[in-house]
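J.: Position 18 (the sequence shown) corresponds to 514 in this note's numbering; numbering is contiguous. Take a look at this one; I'll ask things after.
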Amino acid sequence: MTDDAPVPATEQKPTPRDPLAWFGSGRGGAAALGVSIIALGLAVAPYVTGGDFGSKVRAYLIANPQVLDEAVQARQAAEENSRVETINAAVAANAALMAPDPRDPAVGPADAKVTVVQFFDYRCPGCKAVAADYLTLIQANPDVRFVFKEWPILDRGETTTSNYAARAAIAAHRQGKYLAVHQALMAQPDLTPEAVDAILAANGVDMAQAAAVIRDTGTDRLLADIHTVGATLGLVGTPTFLINGRTTATINPQEVAAAIATAKAA
């Protein structure tokens with residue numbers, strides 16, 4: 497598993513996806529929905545039972561609080577399905593945007609039957625949470641092409657660490673040292689420009705050459721193009737995975753693995 501050979505948006509920015517997203521919804525959402533259900537019951541009560549229906553709804557929900565969790569999960573599932581369908585439709589309508597780009601770091605055979613594309617930010621908690629499992633997934637599927645889309649979206653104000661880390665990773669890619677640097681950046685809990693430089697140096701990256709790539713206008717264009725792709729496809733957060741042009745509802749590596757298996761069998 498090696499790197500490829502070196503190759504000479506809107507105001508409302510996307511956000512990191514919840515690293516615990518695949519474990520279901522929290523009690524906060526259930527409570528909010530419960531209030532809505534109770535309010536609805538009270539509103540329709542006079543028309544249903546002459547005023548007694550609301551108290552029955554309240555008593556039932558207190559006795560069966562799991563109903564609230566089930567309702568929230570059903571609502572979130574519907575929202576996620578809608579998001580998935582919207583993104584998949586956008587990918588299908590803009591197939592040229594997902595064509596192989598030699599500037600992107602990638603591992604796996606170029607002619608693979610299955611291609612997994614990940615959009616990510618090195619400061620994204622969700623990206624960091626799944627990074628180790630995702631590497632295991634890469635190692636377990638040597639016949640799959642894994643493409644890395646550097647999508648730094650978390651910088652705000654004067655903070656530029658996400659952008660700097662993405663540029664540094666691209667510089668490492670130019671020297672054939674991408675994957676090790678990528679994993680080290682994901683493993684670093686408190687990412688700063690100084691920490692990024694230390695990771696480059698620790699992985700044998702020539703710092704003078706890296707500095708030139710970090711400042712290069714070609715790197716500017718690559719990141720700008722990735723931002724354009726993300727906006728055009730309607731991506732709403734990181735990490736986002738696309739398996740043969742179809743996204744997953746959660747960031748759970750097991751769901752990504754299942755999507756890969758389905759694509760292989762197709």
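Even for Gly, the Cβ is constructed at its ideal location relative to N, Cα and C.
In angstroms, rounded to a whole number, what distance separates the CA positions of residue 743 and residue 552?
T.: C-alpha separation (whole angstroms): 42 Å.
J.: When you compare the stretch 618-629 with the stretch 649-664, are there three or more beta-carbon pairs, one atom per stretch, that lie closer than 8 Å?
T.: Yes: at least three Cβ pairs fall under 8 Å.
J.: According to DSSP, is residue 641 part of a helix, a strand, or is it coil?
T.: In the structure shown, residue 641 sits in a strand (DSSP, three-state: E or B).
J.: How about residue 696 and residue 593: do their beta carbons lie closer than 8 Å?
T.: Contact flag unset, no.
J.: If you draw a straight line from the C-alpha of residue 605 to the C-alpha of residue 561, how long is it?
T.: Residue 605 and residue 561: Cα-Cα distance of roughly 50 Å.
J.: When you compare the stretch 753-760 with the stretch 658-666, are there three or more beta-carbon pairs, one atom per stretch, that lie closer than 8 Å?
T.: Contact fails: fewer than three Cβ-Cβ distances are below 8 Å.
J.: With respect to 7 Å, is the separation between the Cβ of residue 710 and the closest non-hydrogen atom of the ligand PLP below this value?
T.: What this structure holds is no ligand at all, so the ligand PLP is not there to describe.
J.: Who does residue 512 pair with in a DSSP beta bridge?
T.: BP columns for residue 512 point to 734.
J.: Please look up how many angstroms separate the CB atoms of residue 666 and residue 701, rounded, as I've assumed it's under 8 Å.
T.: No, residue 666 and residue 701 are not in contact; Cβ-Cβ is about 11 Å, not under 8 Å.
J.: Under the assumption that residue 612 contacts residue 643 (Cβ atoms under 8 Å), give the Cβ distance between them as a whole number of angstroms.
T.: Their Cβ separation, rounded to whole angstroms, is 7 Å, which keeps residue 612 and residue 643 in contact under 8 Å.
J.: Could you name the residues of the same chain whose beta carbon sits closer than 6 Å to that of residue 566, not counting the 5 residues immediately before and after it, in chain order?
T.: Closer than 6 Å at Cβ, skipping near neighbours: no residue.
J.: Could you have a look at residue 655 and say whether DSSP puts it in helix, strand or coil?
T.: Reduced to three states, the DSSP call for residue 655 is coil.
J.: Sorted by chain position, which residues of the same chain lie with C-beta nearer than 6 Å to residue 718's C-beta, five sequence neighbours on each side aside?
T.: Result list for residue 718: 599, in chain order.
J.: Given a threshold of 16 other Cβ atoms within 10 Å of its Cβ, counted over all protein chains shown, does residue 627 qualify as buried or as exposed?
T.: With 16 or more other Cβ atoms within 10 Å, it is buried.
J.: Rounded to a whole number of angstroms, what is the C-alpha to C-alpha distance between residue 735 and residue 614?
T.: Computed Cα separation, rounded: 7 Å.
J.: Straight-line CA distance for residue 683 to residue 512?
T.: So the alpha carbons of these two residues sit roughly 16 Å apart.
J.: Given that a residue counts as buried once 16 or more other Cβ atoms are within 10 Å of its Cβ, and exposed if not, what is residue 761?
T.: The residue in question, residue 761, is exposed, as its Cβ has fewer than 16 Cβ neighbours within 10 Å.
J.: Go ahead and label residue 670 buried or exposed: buried means 16 or more other beta carbons lie within 10 angstroms of its beta carbon, across all protein chains shown.
T.: Buried, by the Cβ-count rule.
J.: Just curious, the alpha helix (DSSP H) that residue 752 is in, first and last residue?
T.: 749-761 is the span of the alpha helix (DSSP H), which, as asked, contains residue 752.
J.: Between 631, 745 and 609, which has its C-alpha nearest residue 770's C-alpha?
T.: Outside the displayed span of the chain (497 to 762) sits residue 770, for which this structure offers no information.
J.: Going by the beta-carbon positions, is the gap between residue 510 and residue 630 smaller than 8 Å?
T.: Contact flag unset, no.
J.: Which value, in whole angstroms, describes the spacing of the CA atoms of residue 713 and residue 569?
T.: Each residue's alpha carbon lies about 45 Å from the other.
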